[in-house]
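Just so you know, we're using the UniProt record's numbering here: the sequence shown kicks off at 1 and counts up by one. Note that CB positions come from ideal geometry on N, CA and C, so glycine has one too. The structure presented is a predicted model; accordingly, all values stated were derived computationally and were not measured. Quick notes on the structure that follows.
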Amino acid sequence: MATLLYRLGRGALRRRRLVVALWLVVLVGAGIAAATLRGPTASNFTMPGTESQRALDLLAEQFPAASGATGTIAMKAPADGQLASPEGQAVVRELVGQAATLPGVVGAVDPFQVGAVSPNGRYALVQVQFATGGDDVTDDQKAAYEQVGAAAKTKGWQVAPGGEVLGGEPEIGSTEALGVLVAAIVLIITFGSLVAAGMTMLNALIGVGAGMAGLFALSGAVQLTSTAPILALMLGLAVGIDYSLFITSRHRQNLIDGLPPEEAVGRAVGTAGSAVVFAGATVVIALAGLAVVDIPFLTVMGLAAAGTVTVAVLVAITLQPALLGFAGRRVLPRRLRAVAADGTPADGAVSTGGLDVDTVPAEDRTGFGFRWARLVTRFRVPVILVGLLGLGLLALPTPDMRLALPDASTAAVGSPARVSNDLITEGFGPGFTGRLAVVVAGDTPQATSAAVPQVTALLQRTENVLAVAPAQPSPDGRTALLGVVPKTGPTDEATETLVHDIRDSVGGIRGADVLLTGVTAIGIDVSEKLSDALPVYLLLVVGLSVLLLMLVFRSLLVPVKAALGFLLTVAATFGITVAVFQQGHLAGLVGLDTPGPLISFLPILLIGILFGLAMDYEVFLVSRMREDFVHGETAQQATISGMGHGARVVTAAALIMMSVFGGFVFLEDPVIKSMGFALAVGVAIDAFVVRMTIVPAVMSLLGSRAWWLPNWLSRALPNVDIEGEGLRTHLTERTPTRV
């Protein structure tokens, strides 16, 4: 692979104008396709095969008037008892009439007719039924809905439209640009050259632009969840910058070693590019592997993010060499541009043909990376124990993790959904914000009408049920819909227990199918299926990491060590995220208004993403250790050399990842906020605690045993040549031309 990439890099530089032109055509073409073919994103999370989804499908077929999105308008009078007055009733009925005539609305329910009035006569709830699902309600219809009650507000009433109809796509604003800005600063400090930093950032932005445009172009044919483009943007930016950083860093070192630009970029793509391809492949495989858990919206999210990562890899190994060809020696700091035209290495540099990962001047071996490696390997046992103890303490909250789909109670303070939720809770209790729906469907109207009283009686006797609304029959009488109000909120553990209790109690009804659904029930079903899939996916990822690293490093102990380190990273990351977002510790530092359960798909998504990123750092650090060990250094020397040469680049890469992910923490949406936070923390733990501290300590402790592999297994495994040994052999057969 290294030899193939070497030729690809040289060819891209030679034909740099053509390569740049082709990528610009791809970018513009994808942009035009996105503008013309883009479809809407979905804000709901459905799960085919679950009871709640079967109930929704049944309603859509037999009771379409009740299958559309619902809205709830909360009203609060200026004083207690005012709803009972003629003036108060007139205000409510005027608002009901206004809501019923809104575009897209099929009807609004008078709260006096259904008893949706608080005991103190101050609060009322107006149910609004839309003709279509929440994802099909237009922005104009939502805007008109949010403006309901303007006349009542002028009379001192509080009016707060809410409900599932207000769900929508998270907004991407300027806050996450701060992460990109920090990444640019890290690049400038790392390279000491505006040209090198600019080339790297430009390459990454072109890649993420092409990837995102292609994703939106496909959204017309494939329905994306609202979080899928955000995840794709996060990963596309982060890995795009990192992969370009690795290749640019190697190219610069080759120039310092005295190689001409074409040879320097070819060897950079052949060596660092091999690691980039492998690292990108691990991320793509992990994300695409989400399809194994058979959850449609999660599969789409994984494939969307995998697509942007694939584009980032292709851009790094093709467009980056072309851009480096235009930059020439200007990618170096001014003091290092004086490399002689005849190929004499820069002052202090030791020319080794450009094959080492980061050949540096001898005096630089006293730099921080080497000093840190010597310290860690010298005190390897205490370092390992302290590292394990620290990560274990961080992981303590993990067993308390609760998963749920987000509800309005954790929305940003001041948002329409949160205002409505708080007003409903204030007037009626938390259960009214997460009402359940029971669907009774019989073969005949008589069967349905006979089953409804039985179901109602069972529901009223179920613990934690506050109220059961009268049944609403469908036009043909074969389907009936009953509303159930719990005593607790949508994400409360007691509500989850109630859902199971209801299903158990009505399961024995004969003559009709009885199904429980509603936004709350859907969230519980989705969370449970994701929780069941989590161990299977974790086992798949860990097994995959062991196999892939066995191919790369031709060792048994190194892959096992890497997999255990990955598990430590995941456990500690879960623990910190639970402590902040669920338990509320230091929540104010991340701008979180209200703690609550983690979004259902966060753990499984985090495992897939962190797996790929963890393998990135493992490869870039340990591959140099193996290279030096194979070429004659002792295991201890190889560990120190690998850390010393790779620490600077891995540190910069991790800081860039953390900056990009951290930029999303500033968004108001708590789901995106938690994703950005967890990814930033996970990268920090894996890069600085696991890979740059525990890994060299363990490698030093294992010594030469770390590279043991049975002969039979060595013969059976294919040689992927991630370290460029084949390229080294190829290059020794000729002497590169100096220019």
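Between residue 482 and residue 471, the C-beta gap is smaller than 8 Å, which places the two residues in contact. For the set 220, 253 and 696, the Cα lying nearest the Cα of residue 196 is the one of 253. Distance from the Cα of residue 136 is smallest, within the candidate group 58, 153, 217 and 39, for 39. When DSSP states are grouped into helix, strand and coil, residue 21 belongs to the helix group. Excluding the 5 residues flanking it on each side, residue 68 has same chain C-beta neighbours closer than 8 Å at 106, 129, 130, 131, 132 and 133, in chain order.
With 16 or more neighbouring CB atoms inside 10 Å of its own CB, residue 430 falls in the buried class. Cα atoms of residue 52 and residue 83: separation of roughly 36 Å, rounded to the nearest angstrom.
Taking a 10 Å sphere around the C-beta of residue 629, we find 16 or more other C-beta atoms and assign the residue as buried.
In summary, residue 475 is exposed, with fewer than 16 beta-carbon neighbours lying within 10 Å of its beta-carbon over all protein chains present. Between the stretch 382 to 401 and the stretch 690 to 698, the count of C-beta pairs closer than 8 Å reaches three or more; the two stretches touch. The beta strand (DSSP E) runs lying completely inside the stretch 51 to 111 and spanning 3 residues or more are 70 to 76 and 105 to 109, given in chain order. Listed as beta-bridge partners of residue 473 by DSSP are 480.
In this structure, residue 241 lies near residue 200, with their beta-carbon atoms less than 8 Å apart. Under DSSP, residue 617 takes part in no beta bridge, so it has no partner.
Of 484, 635 and 214, the smallest CA-CA separation from residue 32 is found for 214. If only complete runs of 4 or more residues are kept, the stretch 189 to 245 shows the alpha helix (DSSP H) at 194 to 218, in order along the chain. Rounded to the nearest whole angstrom, the CA to CA distance from residue 225 to residue 456 is 36 Å. Distances from the alpha-carbon of residue 268 to those of 244, 280 and 279 put 244 closest. As the crow flies, the alpha-carbon of residue 153 is around 23 Å from that of residue 139.
Per DSSP, residue 316 is one residue of the alpha helix (DSSP H) stretching across 296 to 327. Note: residue 513 is bridge-paired with 441 in the DSSP secondary-structure output. Closest option to residue 413, judged by alpha-carbon separation, among 198, 625 and 595: 595. DSSP lists 485 as the bridge partner or partners of residue 467. Distance from the CA of residue 445 to the CA of residue 294, rounded to the nearest whole angstrom, comes to 37 Å. An exposed status is given to residue 400, since fewer than 16 other beta-carbon atoms sit within 10 Å of its beta-carbon.
Look at residue 126 here: in three-state DSSP terms it is strand. By the Cβ neighbour-count rule, residue 61 is exposed, with fewer than 16 other Cβ atoms within 10 Å of its own.
With contacts defined as CB atoms closer than 8 Å, residue 110 and residue 96 qualify as a contacting pair. Taking residue 485 as the centre and dropping the five residues before and after it, the same chain places the C-beta of 431, 432, 435, 466 and 467 closer than 7 Å to its C-beta, in chain order.
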